[in-house]
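Below: the structure, in structure tokens.
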Amino acid sequence: MSVARFWRKIPQRYNLIGTVCKTCGRHFFPPRSFCPDCRRNGNVVEYKFKGTGTVVTHTIIRTASDQFEDLTPYALAIVQLDEGPRITAQIVCTPEDVKIGMRVKGTFRRIAADGASGVIYYGTKYVPDE
Amino acid sequence: MRDVAVIGIGCTPFGEKWGSSFRDLFVEAGTLALDDANLSGEDIDAMYVGNMSAGRFIEQEHIGALIADYSGLSTRHIPSTRVEAACASGGLSFRQAVIAVASGMEDIVVAAGVEKMTDVGTGASVDALAGAADREWEGFVGATFPGLYAMIATDYMSRYPLTREQLAQVAVKNHYNGARNPIAQFQQEITIETVLRSSLVADPLRLFDCSPITDGAAAVIVAPFDRAREFTDTPIRVLASEQASDTITLHDRRDISTLDATVAAGQRAFKTARITPKEIDLVEVHDCFTIAEICAIEDLGFCKKGEAGMLTMEGVTALNGDLPVNTSGGLKACGHPVGATGIKQVYEIVTQLRGDAKGRQIDGAKIGMTHNVGGTGATVAVHIFGV
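Protein chains in written order, with my numbering: chain B, 1 to 130; chain P, 1001 to 1387.
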């Protein structure tokens, strides 16, 4: 991923900045600037997600792409954030301990790197919150 | 709209074709299809080619023109168009050809699909395939394709009584069929133990739950039904050609374990063909992973949600069952050269409806269906065929 492509999404990846429609209360992550429900009557503003949520489903990745191969095995899950949107994320704990319904919270982590001398990508992983 | 028929089919053997290039593969499939329809290159009005990622796999774009050129058609300057929808590229390529003929714009149209995957290593291949999901919000955090389908399996197994053995039986059944298909990548039968003893790829999915990395190409030729008998004694009528889309990410779906795009495309196809699921004699579904076949059987309306594992174990979907599923061996055993898969499904159904599927023939098959999925269900193409 190029530097600009990563840099442009830093507010979302580091700080979970999404949006909320003040007309209907629906939250968006990744952010949308146009509410699909309210359309022209929507009033969409920036919103920082709390970073807490619940595991909806999960797996343990044992064969990964080259960028992630040194992390295997790692837990991957779909997390429903408390404000509503769902995201895909890694869960940082013993992979076998992840369960459906488990409470998790966001934490700032190194995600991957472009080789030994390339860009290091940071972002949000999740840890058990129980 | 005009009725459309398939008048010629061709398919390379699927596998790890170290000696064959991307160009070799599609020329071989195209030549077989033309021979089958007793046509020559001069008869072709247009071409569509399904290809997911030649850019990543062989660093080659501009596939439409390349294929027309190496098929010897450059001096005829026919329109040749690449169609891309990840693993559903072939299904959409076929649909574009059907639309071109049905509309009256063209008469004789080639729908092809090709993928040359083994010129890059496994890691690069896994990463290219991850492009079928959302690169920014799935691939970026370490989601792989098996990982996404594994999360469907975890969700499904927490809500419905699907056992690990029932899931394995999907692969066992498809290998049994593949062993009876001369173009299949895997020609060996396996047992449930083979699946359960294979290494975990993404829990609960094991190596034998996953379709392989494959090189291959397939091509079919469509024409107006009214003209079909000029070329073949056994034209196969296209009864429905439907397509649907959904969210690109798995996590944004209404229901993790239901592919709503499959439901939508399936319902539209049955309506267009004016038939019910009970009238389908056999179906090729998109079993990129064993759990995908379970979901497909249910989401197409052949049984209720939660029942497909049991039906698979009872043999309902086997060659001698009431609803044979993936007589070709499916993606699991026949192989999955992503862009070619949707066309290979058409190749298999036409072979069966012609009565030419030696060793795996479904006797008296009159109506067949294909179901081709892109990504984790963001694109689905469904076709119904009849003799």
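The C-beta atom is built at its ideal place from N, Cα and C for all residues, glycine as well.
- Here Gln-1267 (chain P) carries a helix assignment [DSSP, helix/strand/coil].
- Residues of the stretch 1187-1207 of chain P with a C-beta less than 9 Å from any C-beta of chain B: Ser-1199, Leu-1200, Val-1201, Ala-1202, Asp-1203, Pro-1204, Leu-1205, Leu-1207, listed in chain order.
- The CB of Ser-1158 (chain P) comes closer than 8 Å to the CB of Thr-57, Ile-100 in chain B, given here in chain order.
- Ile-87 (chain B): not part of any alpha helix (DSSP H); member of the beta strand (DSSP E) spanning 86-91, first to last residue.
- Taking all protein chains shown into account, Gln-1185 (chain P) has 16 or more neighbouring C-beta atoms within 10 Å of its C-beta and is therefore buried.
- Comparing alpha carbon positions, the residue from P:Thr-1341, P:Met-1310, P:Asp-1252, P:Arg-1082 closest to Arg-1164 (chain P) is P:Met-1310.
- The C-beta separation of Gln-80 (chain B) from Lys-125 (chain B) comes to about 16 Å, leaving the pair out of contact by the 8 Å criterion.
- For Met-1151 (chain P), at least one C-beta of chain B is nearer than 8 Å to its own C-beta.
- In the DSSP annotation of this structure, the continuous segment of the alpha helix (DSSP H) that includes Thr-1194 (chain P) starts and ends at 1192-1197.
- Contact note: Gly-1147 (chain P) reaches chain B through Thr-59, Ile-61, Leu-76, using a C-beta cutoff of 7 Å and chain order.
- Between Ala-1068 (chain P) and Pro-1146 (chain P), the C-beta spacing is not below 8 Å.
- Every beta strand (DSSP E) of 3 residues or more that sits fully in the stretch 1187-1256 of chain P is shown, in chain order, as 1200-1202, 1216-1224, 1236-1245.
- For Ile-1291 (chain P), the nearest beta carbon of chain B is not closer than 8 Å to its own beta carbon.
- In this structure, the beta-carbon distance from Ala-1261 (chain P) to Val-1338 (chain P) does not fall below 8 Å.
- In its chain, beyond the 5 residues on either side, Ile-120, Tyr-121, Tyr-122 have a beta carbon closer than 8 Å to the beta carbon of Arg-110 (chain B).
- In this structure, the beta-carbon distance from Gly-1315 (chain P) to Pro-1277 (chain P) does not fall below 8 Å.
- Straight-line measurement puts the Cα of Ala-1378 (chain P) at about 20 Å from the Cα of Ile-1384 (chain P).
- The stretch 1106-1193 of chain P contains, as complete alpha helix (DSSP H) runs of 4+ residues, the segments 1122-1130, 1145-1159, 1164-1178 (chain order).
- If you look at Lys-50 (chain B), you'll find it isn't in any beta strand (DSSP E); DSSP assigns it neither H nor E.
- Judged by DSSP secondary structure, Ser-117 (chain B) falls outside any alpha helix (DSSP H); it is assigned neither H nor E.
- Between the stretch 1135-1144 of chain P and the stretch 1158-1176 of chain P there are fewer than three inter-stretch CB-CB distances shorter than 8 Å, so the stretches are not counted as touching.
- For Val-1346 (chain P), the enclosing alpha helix (DSSP H) begins and ends at 1338-1354.
- Residue-level contact by beta carbon fails for Ala-116 (chain B) and chain P, as no gap is shorter than 8 Å.
- Within the stretch 1310-1326 of chain P, no residue has a Cβ lying closer than 7 Å to any Cβ of chain B.
- Chain order gives the chain P residues near Ser-65 (chain B) as Gly-1123, Val-1126, Asp-1127, Ala-1130, Thr-1144, where near means a beta carbon separation below 7 Å.
- Nearest CB-CB separation between Phe-68 (chain B) and chain P: below the 8 Å threshold.
- In this structure Ala-1265 (chain P) is not in contact with Val-1110 (chain P), their Cβ atoms being roughly 23 Å apart against a cut-off of 8 Å.
- Here Gly-1050 (chain P) is buried, its C-beta having at least 16 other C-beta atoms within 10 Å.
- Per DSSP, the unbroken beta strand (DSSP E) holding Ala-1005 (chain P) starts and ends at 1004-1011.
- Ile-17 (chain B) sits in a strand when the DSSP states are folded into three classes.
- Using a CB distance cut-off of 8 Å, Leu-1353 (chain P) does not count as an interface residue toward chain B.
- With three or more CB-CB distances shorter than 8 Å, the stretch 1034-1054 of chain P counts as touching the stretch 1074-1090 of chain P.
- Between Ser-1089 (chain P) and Gly-1064 (chain P) a beta carbon distance of about 12 Å is seen, past the 8 Å cut, so the two are scored as non-contacting.
- Ile-1009 (chain P) is a Cβ neighbour of Val-1350 (chain P), given a cutoff of 8 Å.
- Phe-1026 (chain P) has a beta carbon lying at 8 Å or more from every beta carbon in chain B.
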